[in-house]
Amino acid sequence: MADDERRPDPDALLAEVGRAGRGRLKLFLGAAPGVGKTYEMLRAAQDAKTDGVDVVVGLVETHGRRETEALLVGLEAIPRRLVSYRGRMLPEMDLDAILERRPALVLVDELAHTNVPGERHAKRWQDVEELLAAGIDVHTTLNVQHLDSLNDVVERIAGIKVRETLPDKVVETADEIEVIDVTPEVLQKRLREGKVYVPEQAARAITRFFSRGNLTALREMALRVAAERVDRDMIDYMRSHAVASAWPARDRLLVCLTAGAAERLVRTGKRMADRSRAPWIVLAIGDGETTDPSIERALLLAEQLGAETEQLAVARSAPQAILDYARRRNVSRIVVAAEKGVRLFRPRLHEGLIAGGDSFEITVLGSGADSAAPVQPVAVEAFSPRAYLLGAFYVGLAMPFGLLVDHTLPLANLSLVFLAPVLAIGAAGRVPAAVFTSILAFIAYNYFFTEPRLTLSVIHPWQVLTLAFFLVFSLVVGILGARLNAQVAAMRVAERHTRALYEFTRKALSATSDYDMAWTVVSQVRSSVPVETVLLTPDASGRLVVFAGSPPIDEIDPGSAAAADWAWRQGQRAGWSTDTLPSSGWLFIPLVARERTLGVLGLRGEDGREPLRAADRRLLDTLVDQAALILERARMIAEAAEAQRYSQTEKLRTALLSSVSHDLRTPLVSIIGAVSTLEALGGDMSERDRAELLKTVAAEAGRLNRFIQNLLDMTRLGYGALAVRREWLDLGDIVAAARERLKGRLDGITVAVQIAPEVAMVEADPTLLEQALVNLLDNAARFSPPGEAVSVSAERRGNRLVLAVSDHGPGVPPDRRDRVFDLFWRAENADRQSAGTGLGLAIVRGFVEAMGGRVTVGERDGGGARFEINLPQPAMPVLSPEPFDG
Amino acid sequence: MAEGAKILVVDDDDAIRKFLRISLTASGHTVIEARTGEQALGKAATERPAIVILDLGLPDLDGREVVRRLRDWFAGPILILSVRADEAEKVAALDAGADDYVVKPFGIQELLARLRVLLRARAGTAEAAPVLHIGDLTIDIAARTVTLAGRPVALTRKEFDLLVMLARHAGKVLTQRQLLTAIWGEAHVNDTQYLRVYVGQLRAKLADDPAQPRFIRTEPGIGYRLLWPESGL
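Protein chains in written order, with the working numbering: chain A, 36 to 921; chain B, 963 to 1195.
Written out as structure tokens, the structure reads:
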């Protein structure tokens, strides 16, 4: 354990490393306006400039103070940008201009400032964050009352609600804090002398604010913030340098939120956690379905203040569940607000905690409502006339039974009959309706069955007792039933969440394409949380576009697109309910897996800006994690497919290269061999041999030429540059032209041509058809055994021309018939095949298909291959008979 | 021109067979032809050629397979024709028992020179001779001495063995595997660095320039060949 403590804390080291490359933030902290923060900041800037630091003024408010303005002289200032807001032009700091200028140090006054709506960031401190992230040092000023966690204290002390606040973490991460401290007397004097900037409308409030008591308190707060900071620096140093020390094992603070005091609980928790430097958890207790809006707000605030937030779905008032949770999380202190009023059948929350939590330190906040959030009565259950009607119905139903019992059994049993409706309604958890039913049941019982009958008069005291029993039963059973209902509801919610996640994962795993997965993500998010959902991913050019949407959404407005883009680039949430471009109706959540942002999930309330409920937000977090993993999976599948495609392309390329080099070189072997023979031995040879060799050279050169023609044709096919020109032609001419081109190649081979009269004229592209025929004849000549005939036949079948070339060669086995037309299908046979077979048939198919036909290979009757070109043909144009001359 | 030999030409390309038939016949040889590997094996058995010219890219059988099956009973030289850039195939065929190779396309002179070397080597003259003469290089195998232009060259045992091995097959390519097996033994067939070192030392002692070799030529990726001036190689 001791060893563990002495090891340098990885978090602390990481934090130090994370700072590398980041700009340094220096904070000029004051207790109140007018202490001279801006003045001090400018003086420091002038010093820095003298030291040669590249310093620029991002934004400085001098409020017309001459001493301050004098200090601006000589400093480069980035011009402010005018932003139009509600018809007025407001000057704002030009963040992009500063980022572009990239100074070493930039001065940014009034860190707590709220930007004009529609700007990139809601708050100036976020602008500063971006500057720091870009590696620019920032000097800035801040008054202590703007700190989030001190906000309510300031309000209590000074009676002013400060609207512009910023998270404490900004101050906590500042590299340097300089407190600008003057005594309250000096400050009051400055105020009197008009040296403190006071807006007209706030003049009265400001005077009150500057009371001596207030100033003293604020001053103390500023000094304390700085002092705590010093303290923390020391502890961080000790932690990162593994200095053994006696601080206790880290304990945790648990804040239990209850409606009415939620915000106060959070702020108190933050202060307590800060003081003890303990991590803190803010726990909202509820049934998981309905959450009080003030608790929602408090949870958001808690997250901003750095708390871990959690929602515990338990039935109301469950001290035991809270204590169990606290033990599980190693919590040592629990903060809870005192519950007011008297609870009939259970202890009040704080009492329950104190009674059961003997090992915890429990802080109970006195009652007192949040000023910001007036107590809203929590509706225990909605008024339901149905339950009342049902109660009355049950009582009515009990009447006949009552009559039956009345005739057979003693009167005492009768009350049990009327108790039944009360229990039935109570078991449903409807307390008021149960009470109503008990009264109704009593009236019916009293009126119809007790003496004197048909009156409501009570003559025996035991009858009053009956009523009391009815009431007690209705309450007891009703409350128990309600609790049971709440637990069932909580379990249902938990089950719904679990099922949603399960469904999500199951569907995502079965999705095969990117789009399937994306669609699963958006539809599952939408079905789990009632929001409109879009998924944005970058397109080929890196621009973020909507990939899938539920309901189908193709585009988002430009402002929202900017927010999405920011979320994508920064890896942080943006848009609605965040501090970045909150004017967008969409909330954008980056999907990050393995430190890579894979996409952005956009959510928009169904009906405008309805906030997400706390339970949904938690479910959403889980869904977002899942979605990121799913996208990661999709991306990996795509990458694997891409790699496979690439390797296939690579294979084809290799086959093509080997085939082309083989086909080009084989004729060259004969040509070079024959020519070198003629050169070396020509003199010793017979005339006939010399002629033979020369013929070989000519034939092989022709083969080479055909092959090159094929390559060119293939290129034309590949680039889709094939222009098909249809015209009527004489098929006999085409066959003759093809044979002419293959002269030499077809030597010694009989070609039998048979053209049916109805296809003597055909409509086709002459060049393409001739080349297809040449290649088929070339192929037939290659495989045809010497002495056997190759036949060309043409006939009309329906509205199609069938042009067939058959040979007596070995034929094509059925399992290869589709593949012979593939480009370089003999790749796997390498160069064992005769030369030139790789392209020819592929070209035939390409050309024939370009003309709208198809080519097949079958078996010739009696063995051999039969290639068939099948071309659609229009009806022959009828020529009008030509009138005879004269 | 050496007296005619009976040559079996195995190639699936008609044009190539035709020109080979004409050229080899004009050079005084007798030519028999085969289109496929199976045909070649049959013709070799029935016609008993003195030498086989074998194309590696046959439609039916792997070239190495043909060499292996020929070598079961055929003792004559086998010359490989190949269009392949794939050296491994060639080396495999050579290791399987082929004697030399010619890369397509080739001039007829180159082919005839190779044939001359192979026919001479098979005549058995070089195998048994006690003294080998390669240009101005004289190797006395019995005395284990080497002289270059009359001056003695001092060689280590392995250098001498290497030189003798190359000289006995002068003009013919020897694969790295063949050299390593013969001189260093089976266990060292993959230690090609031995060869590089010893060939380098040998070249230095024979004053041979690897870029323009007079004696030992490197066949990249395949092995070494001792040049034999008389054969044109």
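C-beta: ideal position from N, C-alpha, C; glycine also.
Exposure label - residue i; buried when at least 16 CB within 10 Å
{"i": "P456(A)", "result": "buried"}
{"i": "D974(B)", "result": "buried"}
{"i": "G392(A)", "result": "buried"}
{"i": "P283(A)", "result": "Confidence at P283(A) is low in this model, with a pLDDT of 37, below 50, so its placement is unreliable and the value that follows should be read with caution. Flag for P283(A) reads exposed."}
{"i": "K158(A)", "result": "buried"}
{"i": "R1113(B)", "result": "exposed"}
{"i": "Y1160(B)", "result": "buried"}
{"i": "S989(B)", "result": "buried"}
{"i": "E220(A)", "result": "exposed"}
{"i": "A414(A)", "result": "A caution first: A414(A) carries a pLDDT of 35, below 50, which makes its placement in the model unreliable, though a value can still be read off. So A414(A) counts as exposed."}
{"i": "E211(A)", "result": "exposed"}
{"i": "L439(A)", "result": "exposed"}
{"i": "R224(A)", "result": "Here the sequence assigns Lys to residue 224(A), which means Arg is not the residue at that position. Label assigned to K224(A): exposed."}
{"i": "S563(A)", "result": "buried"}
{"i": "Q1174(B)", "result": "exposed"}
{"i": "A996(B)", "result": "buried"}
Alpha-carbon spacing of residue i relative to residue j, whole angstroms
{"i": "P907(A)", "j": "A673(A)", "result": "41 Å"}
{"i": "A583(A)", "j": "F742(A)", "result": "49 Å"}
{"i": "L1077(B)", "j": "L1041(B)", "result": "8 Å"}
{"i": "N520(A)", "j": "A422(A)", "result": "15 Å"}
{"i": "M552(A)", "j": "S576(A)", "result": "22 Å"}
{"i": "Q81(A)", "j": "E298(A)", "result": "43 Å"}
{"i": "R1179(B)", "j": "L633(A)", "result": "59 Å"}
{"i": "D1068(B)", "j": "G708(A)", "result": "Looking at the sequence itself, residue 1068(B) is Phe, so the reference to Asp does not match. Going from the Cα of F1068(B) to the Cα of G708(A) covers about 6 Å."}
{"i": "A132(A)", "j": "I113(A)", "result": "7 Å"}
{"i": "V188(A)", "j": "A598(A)", "result": "34 Å"}
{"i": "L1125(B)", "j": "I984(B)", "result": "38 Å"}
{"i": "V19(A)", "j": "I460(A)", "result": "Residue 19(A) lies beyond the residue range present for chain A, which begins at 36 and ends at 921; the question has no answer from this structure."}
{"i": "V179(A)", "j": "F395(A)", "result": "33 Å"}
{"i": "L1081(B)", "j": "T750(A)", "result": "48 Å"}
{"i": "P126(A)", "j": "R115(A)", "result": "6 Å"}
N-terminal and C-terminal residue of the beta strand (DSSP E) that residue i is part of
{"i": "K375(A)", "result": "Run containing K375(A): none; DSSP gives neither H nor E here."}
{"i": "N834(A)", "result": "Looking at the DSSP string, N834(A) is not in any beta strand (DSSP E), and its letter there is neither H nor E."}
{"i": "M124(A)", "result": "R123 to E127"}
{"i": "P907(A)", "result": "A900 to P907"}
{"i": "H1095(B)", "result": "V1093 to I1096"}
{"i": "D1102(B)", "result": "L1099 to D1102"}
{"i": "G1185(B)", "result": "G1185 to L1188"}
{"i": "F623(A)", "result": "L622 to A628"}
Proximity of residue i and residue j at Cβ, strictly below 8 Å
{"i": "L622(A)", "j": "R604(A)", "result": "no"}
{"i": "G426(A)", "j": "L506(A)", "result": "no"}
{"i": "L811(A)", "j": "V855(A)", "result": "no"}
{"i": "K1134(B)", "j": "R1187(B)", "result": "yes"}
{"i": "L201(A)", "j": "L166(A)", "result": "no"}
{"i": "V569(A)", "j": "G637(A)", "result": "yes"}
{"i": "V840(A)", "j": "F882(A)", "result": "no"}
{"i": "L803(A)", "j": "A773(A)", "result": "no"}
{"i": "M256(A)", "j": "A66(A)", "result": "yes"}
{"i": "G1183(B)", "j": "L1136(B)", "result": "no"}
Continuous alpha helix (DSSP H) stretch holding residue i: start and end
{"i": "T443(A)", "result": "P420 to T443"}
{"i": "V217(A)", "result": "It is not in any alpha helix (DSSP H) - V217(A) carries neither H nor E in the DSSP assignment."}
{"i": "N481(A)", "result": "V466 to F484"}
{"i": "F981(B)", "result": "D976 to A988"}
> Unbroken alpha helix (DSSP H) runs of length 4 or more, entirely within the stretch 491 to 567 of chain A: which are they?
Replying inline: The qualifying runs are 496 to 545 and 549 to 563.
>> Please give the ranges of any beta strand (DSSP E) in the stretch 292 to 348 of chain A, keeping only runs that are unbroken, at least 3 residues long and fully inside the region.
In response: With a minimum length of 3 residues, the continuous beta strand (DSSP E) runs that stay inside the stretch 292 to 348 of chain A are 315 to 321 and 343 to 348.
> Where in the stretch 780 to 823 of chain A do unbroken runs of the alpha helix (DSSP H), each at least 4 residues long, occur, reported from the N-terminal end onward?
Replying inline: 801 to 818
>> Please give me, in chain order, every unbroken run of the beta strand (DSSP E) with length at least 3 that falls completely inside the stretch 577 to 604 of chain A.
In response: 579 to 585
>> Quick check for students: name the residue ranges of the alpha helix (DSSP H) that lie wholly in the stretch 713 to 781 of chain A, counting only runs of 4 or more.
In response: 722 to 753 and 766 to 776
> Which residue spans inside the stretch 141 to 192 of chain A form an unbroken alpha helix (DSSP H) run of at least 4?
Replying inline: Restricting attention to alpha helix (DSSP H) runs no shorter than 4 residues, the stretch 141 to 192 of chain A encloses them at 159 to 168, ordered along the chain.
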